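Novice: Below are the structure tokens for one structure; questions will follow.
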Amino acid sequence: MSNIGRFILSCTFLFSFQYSLFAIGDPPIEKWRYDFAIELRQNQSEFVQKSDQLYLQLDNVNLEINRLPQRKKKAFNKLLVRKIQLQSEIQKIDNYYQQTTLEIRYRKGIDMIKLLYEKILGLEHHFSSMQTYQNVASLSNPNSYPEFKEAKQMLSKNQHKKFGLKMPSLLETNPFMSASYTIVSLFLSNGDQAEKEKDFEEVACILDFTVRMNSDLNTIRHEVEFLKKANDRLKLDCEKLFEEYTKVVGYHVPLEKCRQIDDWGTLDQLIKTYNGLSESNNKDSIKTSVKNEVNLEFATRRVSDFIGQYINFTNRGTQYYEKFSGIIGGYENEAYCGDHLPHQFSDLKFDIENTIEKFNNTYHMPEIQGSRLKDLMYGSL
Numbered sequence: 421m422s423n424i425g426r427f428i429l430s431c432t433f434l435f436s437f438q439y440s441l442f443a444i445g446d447p448p449i450e451k452w453r454y455d456f457a458i459e460l461r462q463n464q465s466e467f468v469q470k471s472d473q474l475y476l477q478l479d480n481v482n483l484e485i486n487r488l489p490q491r492k493k494k495a496f497n498k499l500l501v502r503k504i505q506l507q508s509e510i511q512k513i514d515n516y517y518q519q520t521t522l523e524i525r526y527r528k529g530i531d532m533i534k535l536l537y538e539k540i541l542g543l544e545h546h547f548s549s550m551q552t553y554q555n556v557a558s559l560s561n562p563n564s565y566p567e568f569k570e571a572k573q574m575l576s577k578n579q580h581k582k583f584g585l586k587m588p589s590l591l592e593t594n595p596f597m598s599a600s601y602t603i604v605s606l607f608l609s610n611g612d613q614a615e616k617e618k619d620f621e622e623v624a625c626i627l628d629f630t631v632r633m634n635s636d637l638n639t640i641r642h643e644v645e646f647l648k649k650a651n652d653r654l655k656l657d658c659e660k661l662f663e664e665y666t667k668v669v670g671y672h673v674p675l676e677k678c679r680q681i682d683d684w685g686t687l688d689q690l691i692k693t694y695n696g697l698s699e700s701n702n703k704d705s706i707k708t709s710v711k712n713e714v715n716l717e718f719a720t721r722r723v724s725d726f727i728g729q730y731i732n733f734t735n736r737g738t739q740y741y742e743k744f745s746g747i748i749g750g751y752e753n754e755a756y757c758g759d760h761l762p763h764q765f766s767d768l769k770f771d772i773e774n775t776i777e778k779f780n781n782t783y784h785m786p787e788i789q790g791s792r793l794k795d796l797m798y799g800s801l
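In structure tokens, the structure reads:
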């Protein structure tokens, strides 16, 4: 065995040892990365061993040819035939290595699609279960606060008795008009000064918070909705990618159904059939083999592109929620009014911080970014 062969085998052993230490408890993406690298290294070490043996035989044949006297034509022709045979075997071994490497990459592409789909489904569940949208809607409208409703109803009743006017229902649903009406009514209401100041104090924090934060809270509400829709589109893109990726090998079951019925074995068998390595060297067989390699190569590159799309989405999601955290933390009268605000305010804070943590630790995947991802996806080590 050559020095290169020994080096590859030692690297494979070392990498396998590292995997045995770190694979247990590691997230699925990390396991995917280790498994991928191990399969590539094992495939490469097998190729090096076989090709080393053939190159050694070829070197010996070349040496014999150089030492052979020119008059021994029969022996010379025999060695020349052997040399051509060895060169042909070396080419076949190299072609086999390229095909098996491509098959490993293709299979790992399917595994990556499966992993990303699970993460996208996790995000979908997270967005649907969190209360951010409802909390924002409640916080941004003073009419949703019980204290404000009671004060407004009492003032509206008094103003109707005094002036014979009642606020139109259309304006009652407008948070700014409703807040303005309540403030004016408090100033114009009957009663002594102390009682009016007490009533004003009860709704002051609600009015201050909703008026100051209404625009920012609505920004959060709209951008959370935007992220939910973006995740829905990402899910559809992942399903479309799987459809295009697997139809190359003749598989036509949608990703969601394949996942539900656990049909991965059927897909695996189709890959083996599609990438079967024929011993025939006829032109049709070679042409088909080349076409198959091109199809698998193109499909594999699409997975790499989708990984970039997913990473961009999670990075953007993290940035959005960090902005939300800044918005909520920017309410300047929180120290004074914190005790007067409803539980939705603290719930919203928790939702935002929890989502940032999930984006950073559950959905973000630094293990497969940058040059390391490209090295793995394109079969280099």
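The sequence shown begins at 421 in the working numbering and counts up one residue at a time. Idealized CB from N, CA, C, for every residue including glycine. Please read all numbers here as calculations on a predicted model, not as lab measurements.
1. Does the beta-carbon of Y454 have 16 or more other beta-carbons within 10 angstroms, so that it is buried, or is it exposed?
2. Can you tell which of C658, L488, R722, V556 has its C-alpha closest to the C-alpha of E645?
3. Using three-state DSSP, classify S698 as helix, strand or coil.
4. With distance defined between alpha-carbon atoms, name the residue in E676, L675, Y671, V714 nearest to T693.
5. Between the C-alpha atoms of N470 and I513, what's the straight-line distance to the nearest angstrom?
6. Can you tell me whether W684 is buried or exposed, with buried defined as 16 or more other CB within 10 angstroms of its CB?
7. Exposed or buried, what is Q464 when buried is set at 16 or more other beta-carbons lying within 10 Å of its beta-carbon?
8. At a cut of 8 Å, does the stretch 468-483 reach the stretch 504-522 through at least three beta carbon pairs?
9. Quick one: grab the DSSP three-state call for K534.
10. Report all residues from its chain with a CB closer than 6 Å to the CB of Y565; omit the five preceding and five following residues, and keep chain order.
11. Excluding the 5 residues preceding and the 5 following S745 in the sequence, name in chain order all residues of the same chain whose CB lies nearer than 7 Å to its CB.
12. What separation, rounded to the nearest whole angstrom, lies between the Cα atoms of A443 and K451?
13. So the candidates are S560, N735, G529, V501; which of them puts its Cα closest to the Cα of V481?
14. Rounded to whole angstroms, what is the Cα-Cα separation between I747 and L661?
15. Taking the alpha-carbon positions, what's the S705 to V714 distance?
16. Can you check which of these residues, H642, V468, L499, L637, is closest to D479 by C-alpha distance?
17. Does at least one heavy atom of the ligand GTP sit under 7 Å from the Cβ of T666?
18. By DSSP, does E752 sit in helix, in strand, or in coil?
19. Using beta-carbon positions only, say whether Y665 and I533 come within less than 8 Å of one another.
Specialist: From the atom records:
1. Buried is the call here.
2. V556
3. Because S698 carries a pLDDT of 40, less than 50, the predicted location of this residue cannot be relied on, and no value is offered for it.
4. Y671
5. The residue asked about is misnamed: residue 470 is Lys in this sequence, not Asn. Their Cα atoms are separated by approximately 8 Å.
6. Counting Cβ neighbours within 10 Å, W684 comes out exposed, since fewer than 16 surround it.
7. buried
8. Cβ pair count under 8 Å is three or more, so yes.
9. helix
10. I626
11. I772, E773, I776
12. Summary for A443: the model assigns pLDDT 42, below 50, so the residue's position carries little reliability; its value from the coordinates is reported in the next sentence. So the two alpha carbons sit approximately 6 Å from each other.
13. V501
14. Approximately 37 Å, taken between the alpha carbons.
15. At S705, the pLDDT of 49 sits below 50, so the modelled position is not reliable and the matter cannot be decided from this model.
16. L499
17. For the structure depicted, the ligand GTP is absent and the ligand set is empty, with no information on it obtainable.
18. coil
19. yes
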